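Below is one structure, written out as structure tokens; comments come after it.
Protein chains: 2
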Amino acid sequence: MIKVSEASLSSYLNELKDEIEAALPKAFPTSWFVPEPLKEAVLYSLMAGGKRLRPIFVMAACESLKGNRKAALHAACAVEMIHTYSLIHDDLPAMDNDDYRRGRLTNHKVYGEATAILAGDALLTHAFYCVSQISSEANVPAEVILKITSELAQYAGMSGMVGGQMADMNGEQGLTSIEELEYIHQHKTSDLIVFALRAGAMIGGASEKQLHALTAYGRKLGLAFQIQDDILDIVGDEAVIGKPKGSDEKSGKVTYPYFIGLEASKEAVERLTREAKEGVIQVDLPYAARLLELADFLMNRDH
Amino acid sequence: MIKVSEASLSSYLNELKDEIEAALPKAFPTSWFVPEPLKEAVLYSLMAGGKRLRPIFVMAACESLKGNRKAALHAACAVEMIHTYSLIHDDLPAMDNDDYRRGRLTNHKVYGEATAILAGDALLTHAFYCVSQISSEANVPAEVILKITSELAQYAGMSGMVGGQMADMNGEQGLTSIEELEYIHQHKTSDLIVFALRAGAMIGGASEKQLHALTAYGRKLGLAFQIQDDILDIVGDEAVIGKPKGSDEKSGKVTYPYFIGLEASKEAVERLTREAKEGVIQVDLPYAARLLELADFLMNRDH
Numbered sequence: 068m069i070k071v072s073e074a075s076l077s078s079y080l081n082e083l084k085d086e087i088e089a090a091l092p093k094a095f096p097t098s099w100f101v102p103e104p105l106k107e108a109v110l111y112s113l114m115a116g117g118k119r120l121r122p123i124f125v126m127a128a129c130e131s132l133k134g135n136r137k138a139a140l141h142a143a144c145a146v147e148m149i150h151t152y153s154l155i156h157d158d159l160p161a162m163d164n165d166d167y168r169r170g171r172l173t174n175h176k177v178y179g180e181a182t183a184i185l186a187g188d189a190l191l192t193h194a195f196y197c198v199s200q201i202s203s204e205a206n207v208p209a210e211v212i213l214k215i216t217s218e219l220a221q222y223a224g225m226s227g228m229v230g231g232q233m234a235d236m237n238g239e240q241g242l243t244s245i246e247e248l249e250y251i252h253q254h255k256t257s258d259l260i261v262f263a264l265r266a267g268a269m270i271g272g273a274s275e276k277q278l279h280a281l282t283a284y285g286r287k288l289g290l291a292f293q294i295q296d297d298i299l300d301i302v303g304d305e306a307v308i309g310k311p312k313g314s315d316e317k318s319g320k321v322t323y324p325y326f327i328g329l330e331a332s333k334e335a336v337e338r339l340t341r342e343a344k345e346g347v348i349q350v351d352l353p354y355a356a357r358l359l360e361l362a363d364f365l366m367n368r369d370h
Numbered sequence: 068m069i070k071v072s073e074a075s076l077s078s079y080l081n082e083l084k085d086e087i088e089a090a091l092p093k094a095f096p097t098s099w100f101v102p103e104p105l106k107e108a109v110l111y112s113l114m115a116g117g118k119r120l121r122p123i124f125v126m127a128a129c130e131s132l133k134g135n136r137k138a139a140l141h142a143a144c145a146v147e148m149i150h151t152y153s154l155i156h157d158d159l160p161a162m163d164n165d166d167y168r169r170g171r172l173t174n175h176k177v178y179g180e181a182t183a184i185l186a187g188d189a190l191l192t193h194a195f196y197c198v199s200q201i202s203s204e205a206n207v208p209a210e211v212i213l214k215i216t217s218e219l220a221q222y223a224g225m226s227g228m229v230g231g232q233m234a235d236m237n238g239e240q241g242l243t244s245i246e247e248l249e250y251i252h253q254h255k256t257s258d259l260i261v262f263a264l265r266a267g268a269m270i271g272g273a274s275e276k277q278l279h280a281l282t283a284y285g286r287k288l289g290l291a292f293q294i295q296d297d298i299l300d301i302v303g304d305e306a307v308i309g310k311p312k313g314s315d316e317k318s319g320k321v322t323y324p325y326f327i328g329l330e331a332s333k334e335a336v337e338r339l340t341r342e343a344k345e346g347v348i349q350v351d352l353p354y355a356a357r358l359l360e361l362a363d364f365l366m367n368r369d370h
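For the protein sequence lines, the chains are A and B, in the order given. To convert, take the position in the first sequence, counting from 1, and add 67; that gives this note's numbering. To convert, take the position in the second sequence, counting from 1, and add 67; that gives this note's numbering.
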């Protein structure tokens with residue numbers, strides 16, 4: 068029974084991933100002239116693969132309300148562009164100074180720092196273009212799209228994702244508490260997941276109560292996701308996680324296991340996943356099954 | 068007669084500047100928590116003075132339609148945030164590597180590169196938050212605000228300002244033609260001025276015909292502004308322009324006077340200014356006087 072459900076989730080995820088990866092390059096109007104290598108640098112990072120988790124959340128949230136997930140594709144592309152720009156800027160020498168990501172050279176290693184900064188700026192800006200296009204194909208009221216615009220700016224901006232990145236940079240001088248670590252995770256990771264769920268749900272016509280429940284689900288899953296990352300860095304298979312084991316400890320990165328130990332971290336992931344699912348079950352969602360499966364899928368992932 | 072008009076324009080500009088500088092710090096909700104030094108770095112550059120030309124254009128365009136300029140304040144803040152973020156990122160070592168701007172240390176010299184990158188990202192993101200807030204005080208339909216959102220993303224993005232910056236970076240390897248230089252000026256400078264005028268006009272309830280005329284006005288003034296900058300670098304008073312004379316030539320920057328000479332450049336500024344004014348006179352604008360004065364003011368400026 069569980070096996071069937073898992074197999075079905077995996078083909079569902081592949082289906083969504085295909086739809087998202089087909090939509091991403093089409094999100095740039097062909098009539099626009101963009102000087103090279105800017106366009107190439109933008110697509111290099113945007114089409115570099117990855118789980119496409121955030122845009123999948125946009126579409127799955129829309130479907131949890133029996134909304135048409137195609138109507139959520141513009142918002143899904145917007146979220147992936149924000150995620151991608153944040154990776155490009157985070158990888159810069161002045162930030163994390165990473166040469167590789169997902170086994171490929173990082174943007175600035177291929178195109179140089181100046182182009183990488185501009186590619187990030189271009190993607191960040193274009194995410195808002197994508198949001199502004201939502202109405203063009205779907206029957207979403209302009210007021211709702213404006214609310215999505217405003218929320219994207221909040222969740223991705225200085226009190227959201229960018230704020231989380233700032234706190235993370237500050238934290239490299241040494242974190243003093245698990246609360247600070249949670250602040251970083253909440254804003255650097257959860258905020259964009261929460262926005263993804265809210266945007267998809269708003270396009271699907273969610274009530275305030277449903278939005279509230281999906282927000283709680285996103286916060287808990289976002290934190291569980293990040294703790295799971297910390298755990299995989301210790302116990303994961305190097306070939307599967309795509310980086311040397313123990314690299315967090317080597318780079319002096321402070322993690323959940325550092326504060327509460329490996330076993331308690333595993334328990335935290337399980338507890339947060341359970342609570343995320345319970346919150347979704349308790350609110351009246353027309354079709355919550357995929358969100359429940361997704362929560363388990365993330366907890367059981369090996370990379 | 069001209070003297071009276073000029074005095075009056077100057078107090079009008081000061082009035083607008085005061086309104087904009089009072090609105091900018093208020094554009095950040097006080098309930099938001101933003102980790103330091105991010106908020107400080109954002110305000111350091113945003114409140115560093117300058118002509119506030121772009122937000123002034125937003126408000127003047129709104130008033131040219133007899134619109135209430137207070138309704139355009141959110142859009143005015145958005146434009147100034149985009150302008151400020153572009154300066155912060157342009158000044159980075161990987162880009163123009165400037166230590167000073169307007170006589171003060173650049174953002175990354177004070178806060179470090181990582182924070183400067185994030186401050187730029189935060190301002191860029193927050194510009195869209197400001198646009199999403201337009202309706203909250205003014206009676207602007209949500210559809211119009213969405214159109215403004217979409218246009219900001221276009222004029223500021225990869226086919227607009229960011230594209231112009233990319234072309235400028237490419238041009239440092241040597242420009243071959245005045246057409247390339249015009250491309251850079253159009254996108255790096257004019258696009259945001261054009262957006263400022265269009266946004267203000269849309270808030271003022273402009274027709275397509277009026278928008279079209281203001282777009283042409285903005286394009287011509289933007290180019291004239293940039294050529295005037297090139298001229299002032301050669302003939303200006305160092306104490307007034309705030310940088311050493313001839314710094315363009317020293318840094319190998321290719322300019323209008325380089326291609327067509329100083330006299331022809333001066334003539335180009337005069338012709339573009341005249342054409343910009345004619346276009347505004349020919350279309351039916353309820354109150355175009357300030358836009359005409361602004362055009363002359365920019366042509367006659369000494370810094």
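Ideal placement from N, C-alpha and C gives every residue a C-beta, glycine not left out. Since we're looking at a predicted model, the values are computed, not measured.
Item                                                                                                                                                                  : Value
Which whole-angstrom value is the C-beta distance of GLY289 of chain B and THR256 of chain B, which I expect to be below 8 Å?                                         : 5 Å
What's the gap between the Cα of GLN253 of chain B and the Cα of HIS150 of chain B?                                                                                   : 15 Å
Using a Cβ-Cβ cut-off of less than 7 Å, list which residues of the region 76 to 101 of chain B approach chain A; keep chain order.                                    : TRP99, PHE100 and VAL101
Can you pull the chain A neighbours of MET236 of chain B, defined as C-beta to C-beta under 8 Å?                                                                      : ALA181, THR182 and LEU185
Within 8 Å (strictly less), CB to CB, does ARG368 of chain B reach chain A?                                                                                           : no
Can you tell me whether ASP369 of chain B is buried or exposed? The criterion is at least 16 other CB atoms within 10 Å of its CB, across all chains shown.           : exposed
Would DSSP call TYR323 of chain A helix, strand or coil?                                                                                                              : helix
Among residues of its own chain, excluding the 5 on either side of MET68 of chain B, which ones have a beta-carbon nearer than 6 Å to its beta-carbon?                : Here the model assigns MET68 of chain B a pLDDT of 28, short of 50, so the residue's position is not dependable, and the following value carries that caveat. There are no such residues.
Going by alpha carbons, who is nearest to LEU83 of chain A out of A:GLU107, A:PHE95 and A:PRO122?                                                                     : A:PRO122
Tell me, please, whether the CB atom of ASP351 of chain A is closer than 8 Å to any CB atom in chain B?                                                               : no
Which first and last residues belong to the alpha helix (DSSP H) in which PRO122 of chain B is found?                                                                 : 120 to 131
If we cut at 8 Å on Cβ distances, does GLU210 of chain B have a partner in chain A?                                                                                   : yes
Hey, would you say PHE292 of chain B sits closer than 8 Å to THR216 of chain A, going by beta carbons?                                                                : no
Within 10 angstroms of the Cβ of MET366 of chain B, are there 16 or more other Cβ atoms? Answer buried if so, exposed if not.                                         : buried
Give the secondary structure of LEU172 of chain B by DSSP, where H, G and I count as helix, E and B as strand, and everything else as coil.                           : strand
Would you list, in sequence order, the uninterrupted alpha helix (DSSP H) runs of no fewer than 4 residues that lie entirely inside the region 215 to 249 of chain A? : 228 to 238
For TYR167 of chain A, list the residues DSSP reports as bridge partners.                                                                                             : A:LEU172
Checking 8 Å against the spacing of the C-beta atoms, do GLU360 of chain B and LEU76 of chain B come in under that value?                                             : yes
So, does the CB of LYS229 of chain B fall closer than 8 Å to a CB anywhere in chain A?                                                                                : A small fix is needed here, since residue 229 of chain B is Val in this sequence, not Lys. Cβ-Cβ to chain A under 8 Å: yes for VAL229 of chain B.
So LEU191 of chain A and LEU259 of chain B are supposed to be a Cβ contact under 8 Å. How far apart are they, rounded?                                                : With a Cβ gap of about 16 Å, LEU191 of chain A and LEU259 of chain B do not count as contacting.
Just to confirm the assignment, what range does the alpha helix (DSSP H) spanning ASN367 of chain A have?                                                             : 356 to 367
What does LEU140 of chain A touch in chain B if you count any residue whose Cβ is under 8 Å from its own?                                                             : Near LEU140 of chain A there are no residues of chain B at all, since even the closest Cβ is about 17 Å away, more than 8 Å.
In angstroms with no decimal places, state the Cα-to-Cα distance between GLY224 of chain B and GLU334 of chain A.                                                     : 45 Å
Rounded to the nearest angstrom, how far is the Cβ of ALA209 of chain B from that of LEU213 of chain A, given a contact under 8 Å?                                    : 5 Å
So, is ALA89 of chain B buried or exposed, given that buried needs 16 or more other C-beta atoms within 10 angstroms?                                                 : exposed
So if I threshold CB-CB distances at 7 Å, which residues from the region 231 to 262 of chain A count as touching chain D?                                             : Considering every chain present, this structure includes no chain D. Its protein chains are A and B.
With a CB to CB cut of under 6 Å and the five nearest residues on each side skipped, what residues in its chain are close to ARG357 of chain A?                       : ALA127
Taking a contact to mean a Cβ-Cβ separation below 8 Å, would you say LEU185 of chain B touches LEU110 of chain B in this structure?                                   : no
Could you check the C-alpha separation between GLY346 of chain A and GLY117 of chain B for me, to the nearest Å?                                                      : 51 Å
In chain B, which residues lie with their C-beta within 7 Å of the C-beta of ASP188 of chain A?                                                                       : HIS156, LEU191 and VAL229
Hey, quick one: how far does the alpha helix (DSSP H) through PHE95 of chain B stretch, first residue to last?                                                        : Note, PHE95 of chain B: premise wrong, no alpha helix (DSSP H); not H, not E.
Is MET148 of chain B close to chain A, meaning its C-beta is less than 8 Å from at least one C-beta of that chain?                                                    : no
By DSSP, does HIS370 of chain B sit in helix, in strand, or in coil?                                                                                                  : coil
For GLU330 of chain A, which of helix, strand or coil comes out of DSSP?                                                                                              : helix
Buried or exposed: ASP351 of chain A, going by 16 or more other Cβ atoms within 10 Å of its Cβ?                                                                       : exposed
I need the straight-line Cα distance from ASP85 of chain A to ILE201 of chain A, nearest angstrom please.                                                             : 19 Å
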